[in-house]
Structures are given as structure tokens and as C-alpha cells.
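Comments concern the structure below.
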Amino acid sequence: MGSASKLEQEGEQMVDLIFTVISLIVIVPLALFLGVIYSYLLRKLSARFQWRVGPMLRMYGDLKPLLGTTRLLQPLYDILKLYGKETIVPDVSRRRLFVYSPYLSLFFAVAAIFFIPFPGMPLLSWVPYSLIIASYLLIASILFTILGPVASGSPWAAIGARREVELFLVSELGFVLSLFAVAIARQSLVIWEISSGGQSLYLALLTVTAGALMFVAMLGKLHIKPFDMPEAEAEIVAGPYTEYSGKLLGTYYLTKVFLLYGLVALFISLFLPPIATDVLWLPLYIVAAVVLVFLLTSVQVLNPRYRIRNAINWYLKVAIPLGVLNFIIALAIWLVV
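The sequence shown maps to residues 0 to 336 in numbering that gives the first Met the number 0.
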């Protein structure tokens, strides 16, 4: 009897392992597809808000033979086009750091999504301290968008990288405060436990305040107006990416696609439980993701670009105090509930 039970348990563990491995393989193209769709929505909604057409969802009949039936995957086409272009490495650059940084940034962005659940696929979100692991991987990905441009030797890239560092210091603080306020309230550092937990009136209050703080941090991480100072084309050409071209530039843009997916998925997992757990929640998960992208787009089109000084002041006067408030609320929930 004991032997049969042990064999059954080992069989279940093997099935779970196989399912996890398959999920880790499937999530990469799935995250790429959803990230491209989110990027398309950002571009399309921005265009419609500004009375432009944007990438066509349904192509004109006479252009279908040339351009296809839809441009829904236009962000992916742009990246693939860059992979077909010549890659130029500046002579004055620190070659290895310049070349490897885009790939390392992409590696850490992809690694981060393995620890963020998707409906029906826990992935590695059940791993102890998965919240810390995912946040560190996302931070590491952004760090290599700073190191690569610094190694290029371009003054424009150096200015963009400096702005990135200044924005990084304040936006990451807000990002970390929002994550760990939720962790304190939920008494867990495991994303799966947080995302599969229930809601209460106290937690709903924290969802509003901490969710708002993470939303603002996402604006900085994704360079969405008013926090797109590192890529201010009118001021510093292409900012950190000025000297990048070809497949290296395409890799950075691909990293942005995975970062967009990862941040949206992490937001839903932490602040809208249990949407990111069971596959039955998938329709609501997609709706939540589209609404979040819509809000990001709305902020982008309704705001001008901040100066870096104004952005830092705004974070210090608004976002960081909001983070402190989140901690107070989280501690109160932890003590009361």
C-alpha cells in the first residue's frame, strides 16, 4: 500500500515536472506574441487619439496583395527588418560590452517572465522568493540598456544613459516599494501565493494605492510620456540607442516587447488576483491587459515630456510618499488581519 502510494506520488511529480518544462517552452513565443499585440495597441491607440490611422488592423483591399491582410504584427515586422540590416560597431566603443549588452538585456527580460504566472500555467512563480527573483531580473535587464550605450563612446548615448540612470534610481524605488507593500500585506514573497490569494476590503485599498505606484513605475521603465526623457529624439537623437543598428538595435526593441509583457503580467498577478491563475480566467486576463495598455497609452498621449529634473522631483514628491503610504497600509493589514 505504501509502495503504491509512493509510486503514485512520484508519477504526479513527474507529470508536474513535464508540464512545467512544456509551459516554460510555450511561454516564450506566447509572451512574444502578446508583447507584440500590446505594442501594436500602444501604437494604434496613440495614433487614433491623435487623429492618425496608425498600423492597419485591416488592410485596404488594393494593398492586400502587397502588404497582407493586416499589420497587427507590425512591431514584430519592424524588429525583423532590423535583423536584416547591417550592424555597425563604432570604433571608439568598448566592443564586447557594446555588443553583449543587448543580448544580456534580452536574456534577463525573458528569464523574468518564467517567474510570472499566466492563466493555466504557474511556470516558476511557486518558487520561494519568486517575487524577489522576478524583480531583480527585470532590474538587471534595464541595467544593460544603460551599460551598452555607455560603452558606445557616443555623447548622445552617454546623455541618454545618464538620464536613464537618474530615472532608474527614482522609478525603481517606487517599483520596489509597490511590490513589497503587497508582499507584506499578503505575508508572502511567492508570486503564485499572492496571485492565487483572495481579496478583502483592506487588500482592495492597497491594490488601489500600490497599483497606482507600480503603474507610474511602469511608465518610467517603458519610457512612456511623461517619462521618456532617455529617448527624447528632438534633443538627443535616439538617446541610449543612437549608435546601435541592425540586429543589436533589433534585440533592444525585442527586449522592450518582453518587458512590456512581463510588467503587464506582473501587475495583473499582484494586484488583480486570482485572474492570473486558472485558465478559466483567461478572457478576463486579456481584458485586464488591454485596459492596462489603454491606460498607459492615455497617459502617453495626454502628457508632454518632463525634463529630467521635473521627473525626479515628481517621483520624490508624489511617488515615494505614496510608497511610504503603501507600507503603512500594508503593515496595518498585516497587524489587523
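Heads up, the beta-carbon is just placed ideally off N, CA and C, and yes, glycines get one too.
Residue range of the unbroken alpha helix (DSSP H) whose run includes residue i
| i | result |
| --- | --- |
| V181 | 154 to 185 |
| D90 | Looking at the DSSP string, D90 is not in any alpha helix (DSSP H), and its letter there is neither H nor E. |
| T254 | 245 to 270 |
| T194 | This sequence places Ser at residue 194; Thr is not what is there. First-last of the alpha helix (DSSP H) with S194: 190 to 194. |
| W342 | The structure shown does not extend to residue 342, since the chain is modelled only from 0 to 336, so the question has no answer here. |
| N226 | At residue 226 the sequence reads Phe, which differs from the Asn that was named. Looking at the DSSP string, F226 is not in any alpha helix (DSSP H), and its letter there is neither H nor E. |
| V149 | 129 to 149 |
| W313 | 307 to 313 |
| A110 | 94 to 112 |
Helix, strand or coil at residue i [DSSP, three-state]
| i | result |
| --- | --- |
| M213 | helix |
| M13 | helix |
| G298 | Here residue 298 turns out to be Val, not Gly, going by the sequence shown. Here V298 sits in helix by DSSP. |
| G67 | coil |
| Q8 | helix |
| G219 | helix |
| I78 | helix |
| G34 | helix |
| R42 | helix |
| W280 | helix |
| G53 | coil |
| R47 | helix |
| Q73 | helix |
| G83 | coil |
| I274 | coil |
| Y240 | helix |
| P28 | helix |
| Y59 | coil |
| V359 | Residue 359 lies beyond the residue range present for the chain, which begins at 0 and ends at 336; the question has no answer from this structure. |
Residues that residue i bridges to, as DSSP identifies them
| i | result |
| --- | --- |
| M120 | F117 |
Beta-carbon spacing of residue i, residue j below 9 Å
| i | j | result |
| --- | --- | --- |
| Y305 | P229 | no |
| L291 | F257 | no |
| Y252 | P74 | yes |
| L146 | L96 | yes |
| F179 | S140 | no |
| S134 | V175 | yes |
| A264 | A30 | yes |
| L136 | F167 | no |
| I112 | V27 | yes |
| L41 | T276 | no |
| L33 | Y260 | yes |
| A216 | G159 | no |
| S100 | P148 | yes |
| E85 | S244 | yes |
| I337 | E163 | Residue numbering for the chain in the displayed model covers 0 to 336; residue 337 lies beyond these limits and cannot be assessed. |
| V35 | L72 | yes |
| I131 | L188 | yes |
| V169 | I78 | no |
| G152 | R70 | no |
| I190 | P273 | no |
| S177 | N325 | yes |
| Y59 | A288 | no |
| L294 | K255 | no |
| V317 | I223 | no |
Residue i: CB within 8 Å of a non-hydrogen atom of the ligand HEM
| i | result |
| --- | --- |
| Q186 | Ligands displayed in this structure: none; no statement on the ligand HEM is therefore possible. |
Segment contact, 8 Å Cβ cut-off, at least three pairs: the stretch 106 to 121 with the stretch 181 to 201: Contact between the stretch 106 to 121 and the stretch 181 to 201 is present, because at least three Cβ pairs lie under 8 Å.
Any contact between the stretch 202 to 216 and the stretch 247 to 257? By contact I mean 3 or more CB pairs, one from each, below 8 Å. no
Contact the stretch 123 to 136 vs the stretch 43 to 52: 3+ CB pairs below 8 Å: no
Cβ contact check for the stretch 181 to 189 and the stretch 326 to 336: 3 or more pairs under 8 Å: yes
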